[in-house]
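One structure is given below, encoded as structure tokens.
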Amino acid sequence: MTETMKLYGDVGAAGLDDWRMLAQGIHARFTTGDFATGLSLVNAIGEAAEAANHHPDITLTYPRVDVMLTSHDVGHVTQRDLDLAAQISEAARGLGVGSDPDSLTQIEAALDTPAPSGIQPFWRAALGYEPLDDAPDELRDTFGRNINVWFQDSGSEPDRQRWHYDVFVPGDQVQARIDAAVAAGGTLVGEHPEHSFWVLADPDGNKVCICTAAGRGE
9 MTETMKLYGD VGAAGLDDWR MLAQGIHARF TTGDFATGLS LVNAIGEAAE
59 AANHHPDITL TYPRVDVMLT SHDVGHVTQR DLDLAAQISE AARGLGVGSD
109 PDSLTQIEAA LDTPAPSGIQ PFWRAALGYE PLDDAPDELR DTFGRNINVW
159 FQDSGSEPDR QRWHYDVFVP GDQVQARIDA AVAAGGTLVG EHPEHSFWVL
209 ADPDGNKVCI CTAAGRGE
């Protein structure tokens, strides 16, 4: 098991019930119910982050606050993230704020191509994204506002779908998400639990991967 996955696994072991691992980092969604309470929570998170010299990504909207933690300097989750996550949850409880981890989702766009390096510069320029030093097959929005893009080597398969979404959900929500997609007219066309993803198709044959970070790298 990699060090990254070891720490991901510790999210549950550490009693961080508000938090789930997704494509990048650990995430929490706090249901504040109004903007003023959300702002109070953000201020409390800011104080804890400054004290720890470790800063999360935060999205404040009227009914909720979304928080993502990862150690950007090393490119994965570390003990610093787990420690700050515990402090953030404590701050939320102090404000009487609950969480909604089951609703967390993170989406990436994947482009199947026989020549990833040949087309990556075009998409980098068109999207205004930057490549990742530790993941040259990925592009990421510098400002963290838009979904990540990555390039999957399709080999010589001529009928391979070109674009598809990877939808990351908490591990305990995978089956519910698959069931909902099938009930809405989809078909489960591929199961790869050993790699933590499942392939579904819509009635026209367009595909999507339901993914979870749980178990990846083990």
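Quick note on the working numbering: the sequence shown kicks off at 9 and runs consecutively. Note that the Cβ used here is the ideal one computed from N, Cα and C, for glycine as well.
- Counting only residues of its own chain and dropping the five nearest sequence neighbours on each side, A209 has a CB closer than 7 angstroms to the CB of G194, T195, V197 and K215.
- Secondary structure of H172 (DSSP, three-state): strand.
- Cβ-Cβ distances below 8 angstroms link I127 to L119, T121 and F159 in the same chain, with the five nearest sequence neighbours on each side left out; the list follows chain order.
- When DSSP states are grouped into helix, strand and coil, V182 belongs to the helix group.
- In the assembly as shown, P64 is a buried residue. Its beta-carbon has 16 or more other beta-carbons within 10 Å.
- If you ignore the 5 residues before and after G163, its C-beta comes within less than 7 angstroms of the C-beta of P122, all in its own chain and listed in chain order.
- Beta-carbon to beta-carbon, L135 and V157 are separated by about 7 angstroms, close enough to satisfy the 8 angstroms threshold.
- If you ignore the 5 residues before and after C219, its C-beta comes within less than 7 angstroms of the C-beta of D174, V175, F176, S204 and F205, all in its own chain and listed in chain order.
- In this structure S125 is exposed. Its beta-carbon is surrounded by fewer than 16 other beta-carbon atoms within 10 angstroms.
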